[in-house]
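Chemist: Protein chains in written order, with my numbering: chain A, 1 to 495; chain B, 1001 to 1743. The C-beta atom is built at its ideal place from N, Cα and C for all residues, glycine as well. The structure that follows is given in the form of structure tokens.
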């Protein structure tokens, strides 16, 4: 209680333009962490880390997104350092500054980031709690590498809107639920992907934006890209009827939180889980559809510019079902990732847990062809996946397995798992990668124990040497399950 | 009634005297399984397997089925037989209300068991089951004797690198458990792939003592490297028993000692090598699987080795399936050749409907329940019944679309479950009146049949074929009139079973030639017409060529024969060469010609085509047209390779351009495919690894038998299942068929 009080006091003193008291999780720690983004900085050996805190038990009024400079964490192990006798260090103190915290709605999902012109990043986080909010958060990074977070305000936000209480202004992805049909809407938004848009000319980027060396830029000079959001609960129509269940993908501009019905891409029945963007298409993994007792494992979607009968350009939605479920039968899908050359798609299946390796033909064509070429059993609860490029070799693929607290590495050269890192934590969820040639450091959020695990792969050509390098944050089990619960290591997390 | 009461009473007695058992193992991650036999000296079950002085199983009967529970880090053991208990149950823990757990390395997803051949050449298993997982450099060794159902070493044994494949071998000609067994381990350390041989004492007690007394200078377990290669991972490993007479370039090779089949992967699956390696000489001989392989299976003396083809070679399931190589004799340069199928042709892959194989098992002498067509020549009728059909080598493939596909491993072909012979159900003769487009478009540009269009009444329809035709197993001759095609016979069809799917067959007089229809041409081509290379062989000198223009003059063109929209004139083929046809002249009206079609004429005016097969051939009036192709599935009783179809037409068909016979061909073909009913096993949509054996089964009444059974893991349902082949049939297999699931 004292810690929380102190935190609130610090926030109040920091002069942040809040509209009220901070009511999120304690700012110097993580709480049911989900989405995670790592940002490298010149001269900073560790970089910065951003974590979405889901506040899953709603112990606090909201969730949060925090950022911190890894280099300022006392005792953080240098990359590749490993003390076999000392074990992985527990680094409870994260030194999160008051300006590096914003409130978001609870039940955050995945998080994605797009770099900004000044070396900062804009973060995107959906939340599944009541408002079904979608948040965008700007991160400014000072010369001392301290991040400062502020909510991105939608165009209709009041002039005095809070820059730290994001739910107060964040758009709801169910905002059109009171239309006659109750559609479009995207209840329980979960997955998110952002990618800078490639362009041949300014027309490809939209009004007010420019095309700079093949990449779109927003009016303020930031990279401009497309943001795709999934939702894991289908939308019924009319609202609350339980009938005519539908799913949408929501595509937003990276430089604006403006939301209209045209941002929704109708997918048909079957909710989605995760999304990744290729050069042209967004690849959306599918959840089990209990109403039809079926699953559409992979759909591809895009906003396509075509000419109408008068020769005027119009944007239409295009959705292609890959039909993977007829070739490889799993209950549903979770995370999805693309290889560096977009010739491969890696899809996580559930029931049974599987890594499904898919060949992509013509990924920039009007109708890419996807073929399952391999599948590998995974530990229970496969959740998120990231590809790690390797010069001269196939990608390495890192996967979190929530049910087992395991991170596994798949080597496309070998065609199988090449490392299974155990003891990562309780309900390993999100995953971020920092390349450290010849190796890489992985950051893994542990949803239930409230920490981020560091996993070092000293040499990407020897992934079997991957090992846990440390833990960030105070373990939350004592708080969430009580001091007598097995696994409670300390009372560091307190209200 | 008294008998029922007596049985009930006996059941009560048994219930009181037998050990309580647990039937639930709570499997989480059933990824692999192995069948484990009763060890010599255990007695009991082995005696039951001897009937009339001979073994009724392949070796000693399997007593246990070991299955992984990957996410609980343990193995469970399904006890296949208890003399006093119907059905099967998991081996109980010391506290018998619990199921025995054998804790092993974390997430064991790969299993191997000591295997060997007994003096009769049949599979037997030994003292150990090995558990490993990819990406980990440790292996657990588990005992198989009832008193050793636990890990037998104090800690998992380390390997030189992360394990990629496992196999174990005791030897052949075994009359007792050998003193030592050999574990083969494939590893990949990120740069190099390797295969090691690890000798182990067969006695767990001896192994434990060796470990207890080990010193750095005298380790208990030593690995010998057999194969080492840069940038290739060994993905599959199979011990091949010694085969008498096996040679390479005429010299003995692995004829008295076992060798290793290995499959490597390189270039991210686009390439890989398949080799048979002699562990003594380390000589490696290629195995001609036509591409990389990701799993192996063999049985018996190992003459035929089956491989699951790696789909990554071409990037889709198109190049997947199961193929076999015969390991009897090889040349050192080309290696052991692909197996020949029953027709004498190199075997084609056994495919699984566009999905990925997930398991493969073989059974020598296994039986399968099939339909059989019985033809009564006296009454000229056919009936379809059920029977158990035996196979010298039965194979089954589990696949990612939820199916089990059976194949004849010796014949190298899929099995046709539907033993009804291919037949022709109806025949019609039609003569065109006025065709709307001036011709009959039977084919598309690719040679496929696309139908016909016609106006006005067509002429007579001949009555259907004779009932059943003349059935000459396994082919059928169908005719009207004289089956020899003599006087008065409109047609004689000789159709073989196993080659043709259900489709329509058309034989047309002076028909358009598939692939030579509406081919582009221009004035500058002159009398040389260009066609797709390979299609020119369908034309002959004397055939008529019709030229077309895009715009038709008022009144159209007329040459006195068939008038087509846009047709400007005709010519005759004078010569045929690769990719070209030469014609005798060019009609003056055809200066603006844009395309042409070729219509059969001259010596062979009949053109045959079918919906799915496309162009079949052409023939002269009264001649027999013969069409050959590769088989689709192997029908029961097929004893020779023969043409798929022979057609002989009499002189009944009016010799009018476009007149044709159409025959409705009924293929009666379907691959023998099973799936697991979801009412009987939960979440059965993804079957995994398989085994096939005669499993001991106690029936009500106390009799014991050894029915052929397929056992497999269901990763999607966290269970292991069994299907007795004597009770199951094609389609969804249910508990009524004998399907059992154990969770």
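1) Would you say residue 1075(B) and residue 1066(B) are within 8 Å of each other, going by their C-beta atoms?
2) Is residue 1604(B) helix, strand or coil when you go by DSSP?
3) Shortest alpha-carbon distance to residue 1611(B) belongs to which of 1692(B), 1266(B), 1503(B)?
4) Taking any Cβ of chain A, which residues in the segment 1058-1077 of chain B have a Cβ under 9 Å from it, in chain order?
5) Could you spell out the range, first to last residue, of the beta strand (DSSP E) harbouring residue 1568(B)?
6) Below 8 Å on the Cβ atoms is my guess for residue 463(A) versus residue 1109(B); work out the distance and round it to an integer in Å.
7) Can you check whether the CB of residue 1266(B) is closer than 8 Å to the CB of residue 1232(B)?
8) Residue 76(A) to residue 342(A), Cα distance in whole Å?
9) Pull the bridge partners of residue 323(A) from the DSSP assignment, please.
10) Classify residue 1120(B) as buried or exposed, calling it buried when 16 or more other Cβ atoms lie within 10 Å of its own Cβ.
11) Where are the beta strand (DSSP E) runs, 3 residues long or more, that stay fully inside the segment 1049-1117 of chain B, in chain order?
12) Could you tell me whether the segment 367-381 of chain A touches the segment 1699-1714 of chain B, where touching means 3 or more Cβ pairs closer than 8 Å?
13) Quick one: is residue 1451(B) near chain A, going by C-beta distance under 8 Å?
14) Please list the partners that residue 1164(B) has in chain A, where partner means a Cβ-to-Cβ separation under 8 Å.
15) So residue 1160(B) contacts chain A; which residues on that side make the cut at Cβ distance below 9 Å?
16) Is it buried or exposed, residue 340(A), if we count other Cβ atoms within 10 angstroms and call 16 or more buried?
17) Under 8 Å: do the segment 1187-1206 of chain B and the segment 1120-1140 of chain B share three or more Cβ pairs, one atom per stretch?
18) The alpha helix (DSSP H) spanning residue 481(A) covers which residue range?
19) Thinking C-alpha only, which one of 1218(B), 1279(B), 1680(B), 1223(B) is nearest residue 1158(B)?
20) State the DSSP-derived secondary structure class of residue 1449(B), mapped to helix, strand or coil.
21) Determine whether the beta carbon atoms of residue 1414(B) and residue 1634(B) lie at a separation below 8 Å.
22) My guess is that residue 1238(B) and residue 1261(B) are in contact by the Cβ rule of under 8 Å, so how many angstroms apart are they, rounded?
23) By the three-class DSSP mapping on this structure, what secondary structure does residue 1(A) have?
24) Can you tell me which of the three DSSP states residue 1261(B) falls into?
25) Based on Cα-Cα distance, which residue from 213(A), 68(A), 207(A), 188(A) lies nearest to residue 199(A)?
26) Does residue 313(A) come out as helix, strand or coil in the three-state DSSP assignment?
27) Which runs of the beta strand (DSSP E) at least 3 residues long sit entirely within the segment 400-425 of chain A? Give them in chain order.
28) Just the chain A side, please: which residues come within less than 9 Å of residue 1029(B) by C-beta, in chain order?
29) Please compile the residues from chain A whose C-beta is within a distance smaller than 9 Å of the C-beta of residue 1593(B).
30) In terms of residues, what are the limits of the beta strand (DSSP E) holding residue 966(B)?
31) Is there a C-beta anywhere in chain B that falls below 8 Å from the one on residue 496(A)?
32) Below 8 Å on the Cβ atoms is my contact criterion, and I expect residue 1720(B) with residue 1674(B) to pass it. Report the Cβ-Cβ distance as a whole number of Å.
33) Residues in the segment 1666-1681 of chain B with C-beta within 9 Å of chain A's C-beta atoms, listed in sequence order?
34) Which first and last residues belong to the alpha helix (DSSP H) in which residue 1211(B) is found?
35) Are the C-beta of residue 1329(B) and some C-beta of chain A separated by less than 8 Å?
36) Could you tell me the distance, in whole angstroms, from the CA atom of residue 226(A) to the CA atom of residue 112(A)?
Modeler: So, from the data block:
1) Along the second chain, one-based indexing puts residue 1075(B) at 75. Along the second chain, one-based indexing puts residue 1066(B) at 66. One thing to note: residue 1075(B) has its Cβ within 8 Å of the Cβ of residue 1066(B).
2) In the second chain, residue 1604(B) corresponds to position 604, counting from 1. Judged by DSSP in its simplified three-state form, residue 1604(B) adopts coil rather than helix or strand.
3) Here residue 1611(B) corresponds to residue number 611 of the second chain, with the count starting at 1. Considering only 1692(B), 1266(B), 1503(B), the residue with the shortest C-alpha distance to residue 1611(B) is 1503(B).
4) Here the close residues are 1070, 1071.
5) To locate residue 1568(B), count along the second chain from 1; it is residue 568. It spans 1567-1577 - the beta strand (DSSP E) in which residue 1568(B) sits, taken as one unbroken run.
6) For the purposes of this step, residue 463(A) is identified with residue 463 of the first chain, where counting begins at 1. For the purposes of this step, residue 1109(B) is identified with residue 109 of the second chain, where counting begins at 1. Contact between residue 463(A) and residue 1109(B) does not hold, since their C-beta atoms are separated by about 18 Å, which reaches or exceeds 8 Å.
7) Locating residue 1232(B) in the second chain gives position 232, where the first residue counts as 1. Locating residue 1266(B) in the second chain gives position 266, where the first residue counts as 1. For residue 1232(B) and residue 1266(B), yes; Cβs fall inside 8 Å.
8) Counting from one through the first chain, the residue named residue 76(A) turns up at place 76. Counting from one through the first chain, the residue named residue 342(A) turns up at place 342. Straight across, the Cα-Cα distance linking residue 76(A) with residue 342(A) is about 35 Å.
9) Here the question's residue 323(A) lines up with position 323 in the first chain. Under the DSSP definition of a beta bridge, residue 323(A) lacks any partner.
10) Translated into the one-based positions of the second chain, residue 1120(B) becomes position 120. Under this definition residue 1120(B) is an exposed residue.
11) The segment 1049-1117 of chain B contains these whole beta strand (DSSP E) runs: 1062-1069, 1074-1079.
12) Contact between the segment 367-381 of chain A and the segment 1699-1714 of chain B is absent: fewer than 3 CB-CB pairs across the two stretches fall below 8 Å.
13) The count along the second chain starts at 1 and reaches residue 1451(B) at position 451. Caution is warranted here: a pLDDT of 39 is assigned to residue 1451(B), below 50, making its placement in the model unreliable, and the coordinate value is therefore given only provisionally. Among the residues facing chain A, residue 1451(B) is not included, as its CB has no counterpart in that chain under 8 Å away.
14) Residue mapping note: residue 1164(B) aligns to position 164 of the second chain, counting from 1. Residues of chain A passing the Cβ test: 414, 416.
15) Mapped onto the second chain, residue 1160(B) falls at position 160. Residues of chain A with a Cβ closer than 9 Å to the Cβ of residue 1160(B) do not exist; the shortest Cβ-Cβ separation is about 11 Å.
16) Counting from 1 along the first chain, the entry for residue 340(A) is found at position 340. If you draw a 10 Å sphere on the C-beta of residue 340(A), you find fewer than 16 other C-beta atoms in it, and that means exposed.
17) At 8 Å Cβ cutoff, the stretches touch.
18) What you label residue 481(A) is simply residue 481 of the first chain in a count that begins at 1. For residue 481(A), the uninterrupted alpha helix (DSSP H) run begins and ends at 477-481, by DSSP.
19) Walking along the second chain from the start, residue 1158(B) turns up at place 158. Nearest option by C-alpha distance: 1223(B).
20) In the second chain, counting from the first residue as 1, residue 1449(B) sits at position 449. For residue 1449(B), the pLDDT reaches just 37, beneath the cut-off of 50, and the residue's location in the model is therefore unreliable, although a value from the coordinates is still provided. The DSSP-derived three-state label of residue 1449(B) is strand.
21) To locate residue 1414(B), count along the second chain from 1; it is residue 414. To locate residue 1634(B), count along the second chain from 1; it is residue 634. Result yes, Cβ atoms of residue 1414(B) and residue 1634(B) sit closer than 8 Å.
22) For the purposes of this step, residue 1238(B) is identified with residue 238 of the second chain, where counting begins at 1. For the purposes of this step, residue 1261(B) is identified with residue 261 of the second chain, where counting begins at 1. About 4 Å separates the beta carbons of residue 1238(B) and residue 1261(B), which is inside the 8 Å limit, making them a contact pair.
23) Here residue 1(A) is taken as the residue at index 1 of the first chain, counted from 1. Its pLDDT being 39, under 50, residue 1(A) is placed unreliably by the model, and nothing is read from it.
24) Against the second chain, residue 1261(B) aligns to sequence position 261. Looking at residue 1261(B) - three-state DSSP - the assignment turns out to be strand.
25) Residue 199(A) sits at position 199 when you count from the first residue of the first chain. Checking every option, the nearest Cα to that of residue 199(A) belongs to 213(A).
26) Along the first chain, one-based indexing puts residue 313(A) at 313. Three-state result, residue 313(A): strand.
27) Under the rule that a run must span 3 or more residues, the beta strand (DSSP E) segments found entirely inside the segment 400-425 of chain A read 406-411, 416-421.
28) Along the second chain, one-based indexing puts residue 1029(B) at 29. For residue 1029(B), the chain A residues whose C-beta falls within less than 9 Å of its own C-beta are 352, 353, 377, 379, 380, listed in chain order.
29) Position 593 of the second chain, counting from 1, holds the residue named residue 1593(B). Those do not exist, as residue 1593(B) stays about 35 Å from chain A at its closest Cβ, beyond 9 Å.
30) With chain B covering only 1001 through 1743, there is no way to say anything about residue 966(B).
31) Any answer about residue 496(A) is impossible in this case: the structure gives chain A only from 1 up to 495.
32) Residue mapping note: residue 1720(B) aligns to position 720 of the second chain, counting from 1. Residue mapping note: residue 1674(B) aligns to position 674 of the second chain, counting from 1. Contact annotation, residue 1720(B) with residue 1674(B): C-beta distance approximately 16 Å; criterion of less than 8 Å not satisfied.
33) Flagged: no residues at all.
34) The residue labelled residue 1211(B) in the question sits at position 211 within the second chain. First-last of the alpha helix (DSSP H) with residue 1211(B): 1204-1212.
35) If you number the second chain from 1, residue 1329(B) lands on position 329. Residue-level contact by beta carbon fails for residue 1329(B) and chain A, as no gap is shorter than 8 Å.
36) As a position in the first chain, residue 226(A) is number 226, starting the count at 1. As a position in the first chain, residue 112(A) is number 112, starting the count at 1. Roughly 11 Å between the two C-alpha positions.
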